[in-house]
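Novice: Per our numbering, numbering through the sequence shown is continuous, rising by one, with the last residue being 346.
Quick reminder that beta carbons are idealized off the backbone N, C-alpha and C, glycines included.
As the structure is a computational prediction, the values presented were derived from the model and not from experiment.
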Amino acid sequence: MESAAVLSVIVPMYNEEAVIPALAGRLRPALDDLGVTYEVVAVDDGSTDRTAPLLLEHARAWPELRLIRLRRNSGHQAALAAGLHRAGGAWVVSIDADLQDPPEVIADMLRAAREQGVDVVYGVRSDRSTDTAFKRYTAGVYYRLMRRMIGAEIPAQAGDFRLLSRAVVDVLLSLPERAPVYRLLVPSLGFASTSVTYARERRAAGETKYPLRRMVALAWDSAANFSAAPLRVATWLGALSFLMCLGLTAFGVVVWANGTVIPGWTSLFLAVLLLSAVQLICLGLLGEYVARIYRTVQNRPSFHVGFDSSAAPAQPAESAPMRRTAAVR
Ligand code: UDP
Ligand code: MG
Numbered sequence: 018m019e020s021a022a023v024l025s026v027i028v029p030m031y032n033e034e035a036v037i038p039a040l041a042g043r044l045r046p047a048l049d050d051l052g053v054t055y056e057v058v059a060v061d062d063g064s065t066d067r068t069a070p071l072l073l074e075h076a077r078a079w080p081e082l083r084l085i086r087l088r089r090n091s092g093h094q095a096a097l098a099a100g101l102h103r104a105g106g107a108w109v110v111s112i113d114a115d116l117q118d119p120p121e122v123i124a125d126m127l128r129a130a131r132e133q134g135v136d137v138v139y140g141v142r143s144d145r146s147t148d149t150a151f152k153r154y155t156a157g158v159y160y161r162l163m164r165r166m167i168g169a170e171i172p173a174q175a176g177d178f179r180l181l182s183r184a185v186v187d188v189l190l191s192l193p194e195r196a197p198v199y200r201l202l203v204p205s206l207g208f209a210s211t212s213v214t215y216a217r218e219r220r221a222a223g224e225t226k227y228p229l230r231r232m233v234a235l236a237w238d239s240a241a242n243f244s245a246a247p248l249r250v251a252t253w254l255g256a257l258s259f260l261m262c263l264g265l266t267a268f269g270v271v272v273w274a275n276g277t278v279i280p281g282w283t284s285l286f287l288a289v290l291l292l293s294a295v296q297l298i299c300l301g302l303l304g305e306y307v308a309r310i311y312r313t314v315q316n317r318p319s320f321h322v323g324f325d326s327s328a329a330p331a332q333p334a335e336s337a338p339m340r341r342t343a344a345v346r
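1) At a cut of 8 Å, does the region 42–55 reach the region 87–95 through at least three beta carbon pairs?
2) Thinking just about the alpha-carbon of each residue, which of Pro172, Arg217 and Ala196 is nearest to the one in Pro204?
3) Using the beta-carbon of each residue, find all residues closer than 6 Å to any heavy atom of the ligand UDP and list them in chain order.
4) Roughly how many angstroms lie between the CA atoms of Ser244 and Arg312, to the nearest whole one?
5) Hey, how far is the Cα of Arg228 from the Cα of Lys152?
6) Please state whether DSSP places Leu202 in a helix, a strand or coil.
7) Would you say Arg128 touches the ligand MG, meaning its beta carbon is less than 7 Å from a heavy atom?
8) From Ala328 to Ile298, what distance separates their C-alpha atoms?
9) Return helix, strand or coil for Ala69, following the three-state DSSP convention.
10) State yes or no: is the C-beta of Pro29 within less than 8 Å of the C-beta of Leu97?
11) When you measure from the CB of Arg220 to every non-hydrogen atom of the ligand MG, does any distance come out below 7 Å?
12) Throw me the rounded Cβ distance for the Leu181 and Val109 pair, which I believe falls under 8 Å.
13) Name the residue from Tyr160, Ala114 and Gly264 whose alpha carbon lies nearest to the alpha carbon of Ala39.
14) One question on the structure: do Val198 and Gln117 come within less than 8 Å of each other, judged by their Cβ atoms?
15) If we require 3 or more residues per run, which beta strand (DSSP E) segments fall completely within the region 154–210?
16) Using beta-carbon positions only, say whether Pro247 and Ala241 come within less than 8 Å of one another.
17) With the cut-off set at 8 Å, would you say Leu206 and Val186 are in Cβ contact?
18) Which residues share a DSSP beta bridge with Phe320?
19) Between which two residues does the alpha helix (DSSP H) harbouring Ala22 extend?
20) Give the secondary structure of Glu81 by DSSP, where H, G and I count as helix, E and B as strand, and everything else as coil.
21) If the criterion is Cβ atoms closer than 8 Å, does the pair Val36 and Gly223 meet it?
22) If you drop the 5 nearest sequence neighbours on each side, which residues of the same chain put their C-beta closer than 7 Å to that of Met163?
23) Out of curiosity, what's the CA-to-CA distance linking Tyr306 and Arg230?
24) How would you label Phe286, buried or exposed, when you count the other beta carbons within 10 angstroms and need 16 or more for buried?
25) Kindly list the residues whose CB is nearer than 6 Å to the CB of Ala130, restricted to its own chain and excluding five residues on each side of it in sequence; keep chain order.
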């Protein structure tokens with residue numbers, strides 16, 4: 018890789034202009050104190066505010082800060098993927114921009130990895146009292162569901178604040194997956210791991226970039242990428258309807274043998290409705306997987322890097338407007 022830094026810190030950012038001063042003020046001392054060479058790979062995920070110019074301003078006085086801009090907003094996980102592709106460190110940490118993950122914990126992660134000789138160190142949130150009750154509840158449901166569907170190796174309450182060794186990053190980059198959900202993908206690789214706990218802090222500034230719509234999308238990506246359980250639901254529904262059909266047939270034969278004529282319209286109507294519903298659900302579920310296969314076959318990149326400050330260090334973001342190209346996710 019182009020950089021020989023010991024540590025790369027990936028910071029995905031979407032419209033985070035409000036937190037940049039606080040982030041730089043806290044991340045830089047935390048990293049300078051580590052006593053290792055490092056680079057910060059800030060990934061501007063198609064922000065429409067002043068995130069990129071502000072970052073470039075900071076980069077003038079902070080040579081370790083590097084900016085990558087995606088041409089359009091591609092989502093948190095795609096921004097992480099972009100960062101992983103560009104990170105050159107022997108260790109790679111990903112951290113949220115909003116200081117909810119305390120940068121000082123990176124030192125603990127690096128120490129834990131070196132002392133215990135592991136490839137992955139998860140940041141586990143021991144205290145989420147600064148998150149909203151709704152966020153805590155939905156996150157709780159998410160992690161419980163994922164552990165049930167995928168397995169107990171998924172650490173609960175471990176988001177995307179984690180340290181990876183170069184070996185893990187290389188494996189991640191070699192996977193052809195379209196919409197990777199790293200918090201599930203990393204544990205599934207089976208590398209030796211440990212975790213450090215930390216208290217999740219309040220967002221330093223700005224607002225959450227994860228509205229309900231994105232949370233639902235992440236949950237669905239998680240379920241569909243890792244498990245065929247939703248498809249099995251379709252099978253079970255099919256089996257159940259078939260059993261019901263058998264029962265109704267038996268019932269029909271009995272009443273026919275007894276010479277009772279049933280009006281039949283209601284039951285017929287209900288049966289048709291039920292079966293069409295079941296079929297539609299199954300079709301929809303199948304379609305979801307077909308869509309994933311289709312996207313994989315299309316083999317489009319999940320992000321486009323429009324600008325890389327290390328490739329064009331003298332160019333300020335404003336004077337290098339990016340042409341919008343075909344949208345890709
Ligand atoms: N983020 C991103 N692209 C997006 C949405 C979010 O890069 O489309 C970044 C965001 O800037 C932040 C991190 O992902 O650094 C986590 O987002 P946020 O803090 O808004 O989520 P929350 O902590 O509320 O779950
Ligand atoms: Mg946050």
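Specialist: The short version:
1) Not touching, per the Cβ criterion.
2) Residue 204 sits at position 187 when you count from the first residue of the sequence shown. Ranking the options by Cα distance to Pro204, first place goes to Pro172.
3) Pro29, Met30, Tyr31, Glu33, Asp62, Asn90, Gly92, His93, Ala96, Asp113, Ala114, Asp115, Gln117, Thr225, Lys226 and Tyr227
4) On the sequence shown, residue 244 is found 227 positions in, with the first residue counted as 1. On the sequence shown, residue 312 is found 295 positions in, with the first residue counted as 1. The C-alpha of Ser244 lies about 17 Å from the C-alpha of Arg312.
5) The residue labelled residue 228 in the question sits at position 211 within the sequence shown. The residue labelled residue 152 in the question sits at position 135 within the sequence shown. According to the sequence displayed, residue 228 carries Pro and not Arg. One C-alpha to the other measures close to 10 Å.
6) Reading the sequence shown from its first residue, position 185 is the one you call residue 202. Correct three-state label for Leu202: helix.
7) In the sequence shown, the residue the question calls residue 128 occupies position 111. Not under cutoff, so the answer is no.
8) Translated into positions along the sequence shown, residue 328 becomes position 311. Translated into positions along the sequence shown, residue 298 becomes position 281. A straight line joining the alpha-carbon of Ala328 with that of Ile298 spans about 49 Å.
9) On the sequence shown, residue 69 is found 52 positions in, with the first residue counted as 1. If DSSP states are grouped into helix, strand and coil, Ala69 belongs with the helices.
10) Position 12 of the sequence shown, counted from the start, is the residue given in the question as residue 29. Position 80 of the sequence shown, counted from the start, is the residue given in the question as residue 97. Cβ distance < 8 Å, so Pro29 and Leu97 count as in contact.
11) One-based indexing of the sequence shown puts residue 220 at position 203. Flag set: Cβ of Arg220 near the ligand MG.
12) Against the sequence shown, residue 181 aligns to sequence position 164. Against the sequence shown, residue 109 aligns to sequence position 92. Here Leu181 really is in contact with Val109; their C-beta atoms are around 5 Å apart, less than 8 Å.
13) As a first step, residue 39 is located in the sequence shown; it is residue number 22 there, counting from the start. Looking at the Cα atoms, Ala114 is the closest of the given residues.
14) To locate residue 198, count along the sequence shown from 1; it is residue 181. To locate residue 117, count along the sequence shown from 1; it is residue 100. Contact flag unset, no.
15) 175–182
16) By 1-based counting over the sequence shown, the position of residue 247 is 230. By 1-based counting over the sequence shown, the position of residue 241 is 224. The answer is yes: Cβ separation under 8 Å.
17) Sequence index remark: in the sequence shown, residue 206 carries index 189 (1-based). Sequence index remark: in the sequence shown, residue 186 carries index 169 (1-based). Not in contact: Leu206 and Val186 (Cβ atoms no closer than 8 Å).
18) For the purposes of this step, residue 320 is taken as the residue at position 303 of the sequence shown. Paired residue(s): none; Phe320 is not in a bridge.
19) Within the sequence shown, residue 22 is the residue found at index 5, counting from 1. Here Ala22 belongs to no alpha helix (DSSP H), and DSSP marks it neither H nor E.
20) As a working note, residue 81 is residue 64 in the sequence shown. Note: Glu81 maps to coil in three-state DSSP.
21) Position 19 of the sequence shown holds residue 36. Position 206 of the sequence shown holds residue 223. The answer is yes: Cβ separation under 8 Å.
22) As a working mapping, residue 163 is identified with position 146 in the sequence shown. Once the five neighbours on either side are set aside, the close Cβ partners of Met163 are Ile171, Leu201 and Ser239.
23) In the sequence shown, the residue the question calls residue 306 occupies position 289. In the sequence shown, the residue the question calls residue 230 occupies position 213. One C-alpha to the other measures close to 20 Å.
24) Locating residue 286 in the sequence shown gives position 269, counting from the first residue. That one is exposed.
25) Numbered from 1 along the sequence shown, position 113 holds the residue referred to as residue 130. So the qualifying residues of the chain are Val138 and Leu180.
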